[in-house]
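Inspection log for the structure reproduced underneath, given as structure tokens.
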Amino acid sequence: TVHPAALLSLPKAELHLHIEGTLEPELILELAARNGITLPHPTLEVLREQYEFSDLQSFLDLYYANMAVLITEADFADMTRAYLARARDSGVRHAEIMFDPQAHAARGIELSTAVNGIAAALASSEAEFGISTVLIAAFLRDETEESALEVLEALLAMRAPITGIGLDSAEVGHPPSKFIRLYKRAAEAGLRLTAHAGEEGPPSYVEDALNLLGVERIDHGIRAVEDRILVKRLVREQVPLTVCPLSNVRLRAVDTLAAHPLPQMISAGLNVCINSDDPAYFGGYVGANFDAMAAEFAWDAATAELLAGNSIRSSFAPDARKDALL
Ligand code: ES4
Ligand code: ZN
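Adding 628 to a residue's 1-based position in the sequence shown gives its number in our numbering.
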């Protein structure tokens, strides 16, 4: 079995990360105090008791509630710097960071506050943490396509430093077909395309994200294993799947870590990598996800190297950066 220290030192890219999901309970309380906000769960102890989830929606309810503490650019910058420091400690050398612009707009926070705050932290990330970064605007699939298009136009008009778009939040009942115009507009604007699919939703959502939205990458995609034909296609096209093992266990997309389909996905020849999703909520950052899987499945160094290499090869980083990290 590969040694945890060897796992840590492998250069990795994190491709599936919601920056709002990196708000640790301590920082939530600190920002609440700083901004004079009264939370429904006002102490660390009571707040921590809320972190037992039964499915995606039960997590999303807490995730959106806790965002209430993010008010100023400094709040967004502090959250982002705290993530970069922890990612660096996991051996992450390139990070593709999603944020939820609609969730902040809905709370009356200016788009520019979220964008400028996050961007300020990312601007010094290579120098401060040795991590190159890419920012991705994720749209809420349980909201309308009109709302997503309005926010995308606003981001383009303000020349927000985004490289791509994603699609997240409650999956079932909100298929990719709802967002065809959004992805067409983003592609026209030269943005890279990814979408959550096959986390709680069926394999057909993975297929539709590829066929109808033209995504280059699938976030999660674990339920693709239920469809043999789809797996063949994903292998043939080497579509990157950004898998999040601890997230899948905590949201009960899989019963246990031992029952996680990742080993089966690796054997099938799928292009998979390991990510933390919402590390403050799911029990750890990229390093903890690697450690847990390596221990559970007694991985050798070659398996860990394959997954770390996949993460870098599947990133939206410039080729020169990929070459430097591979
Ligand atoms: C998310 Cl784990 C997950 N799935 C879907 N949407 C999300 N937003 C933040 N975390
Ligand atoms: Zn996610």
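Cβ atoms here follow ideal geometry from the backbone N, Cα and C, with glycine treated the same way.
Please look up how many angstroms separate the CB atoms of residue i and residue j, rounded, as I've assumed it's under 8 Å.
| i | j | result |
| --- | --- | --- |
| Pro729 | Ala710 | Rounded, the Cβ-Cβ distance is 20 Å, inconsistent with contact. |
| Leu688 | Ala798 | 6 Å |
| Ala765 | Ile746 | Wrong, their Cβ atoms sit about 10 Å apart, outside the cutoff. |
| Ala733 | Val779 | 6 Å |
| Val834 | Ile846 | 6 Å |
| Phe918 | Pro891 | The pair is not a contact, with the Cβ atoms about 14 Å apart (cut-off 8 Å). |
| Ala660 | Leu667 | 5 Å |
| Ile737 | Ile699 | 7 Å |
| Pro955 | Val859 | Nothing can be reported for residue 955: it is not among the residues displayed for the chain, which extend from 629 to 954. |
When DSSP labels each residue in this structure, what does residue i get in the three-state scheme?
| i | result |
| --- | --- |
| Asp796 | strand |
| Asn899 | strand |
| Asp905 | strand |
| Val630 | coil |
| Phe704 | helix |
| Ser875 | helix |
| Arg716 | helix |
| His646 | strand |
| Ala765 | strand |
| Phe727 | strand |
| Ile940 | helix |
| Arg813 | helix |
| Glu652 | coil |
| Ala734 | coil |
| Ser686 | helix |
| Val779 | helix |
| Ile894 | helix |
| Pro889 | coil |
| Val853 | helix |
Checking the sheet assignment: what are the DSSP bridge partners for residue i?
| i | result |
| --- | --- |
| Ile846 | Ala823, Leu869 |
| Val863 | Answer is none; Val863 lacks a bridge partner. |
| Met786 | Its beta-bridge partners do not exist; DSSP assigns none. |
| His722 | Ala641, Ser760 |
Buried or exposed, going by whether 16 or more other CB atoms sit within 10 Å of the CB of residue i?
| i | result |
| --- | --- |
| Ser637 | exposed |
| Asn663 | exposed |
| His631 | exposed |
| Thr822 | buried |
| Met707 | buried |
| Ala751 | exposed |
| Ile850 | buried |
| Arg956 | This structure does not reach residue 956, given that the chain is present from 629 up to 954, and the question cannot be answered. |
| Pro804 | buried |
| Glu677 | exposed |
| Pro670 | exposed |
| Ile857 | exposed |
| Leu672 | exposed |
| Glu828 | buried |
| Leu874 | buried |
| Ala723 | buried |
| Arg878 | buried |
| Glu865 | exposed |
| Thr870 | buried |
| Thr761 | buried |
| Ala705 | buried |
| Asp701 | Residue 701 is actually Glu in this sequence, not Asp. It is buried - the Cβ of Glu701 has at least 16 other Cβ atoms within 10 Å. |
| Gly801 | exposed |
For a cutoff of 7 Å on Cβ pairs, would you count residue i as touching chain D?
| i | result |
| --- | --- |
| Thr772 | This model lacks chain D altogether, as it is built from one protein chain only. |
Return yes when at least one heavy atom of ligand 3 lies under 6 Å from the C-beta of residue i, else no.
| i | result |
| --- | --- |
| Asp905 | Absence of ligand 3 from the depicted structure is noted, with ligand 1 and ligand 2 being the only ligands included. |
Do the region 904-912 and the region 929-945 make contact, defined as three or more Cβ pairs closer than 8 Å?
-> no
If we count Cβ pairs, one from each stretch, closer than 8 Å, do we get three or more for the region 745-761 versus the region 715-724?
-> yes
Report yes or no: do three or more beta-carbon pairs, one from the region 796-812 and one from the region 835-855, lie closer than 8 Å?
-> Result yes; three or more Cβ-Cβ pairs closer than 8 Å.
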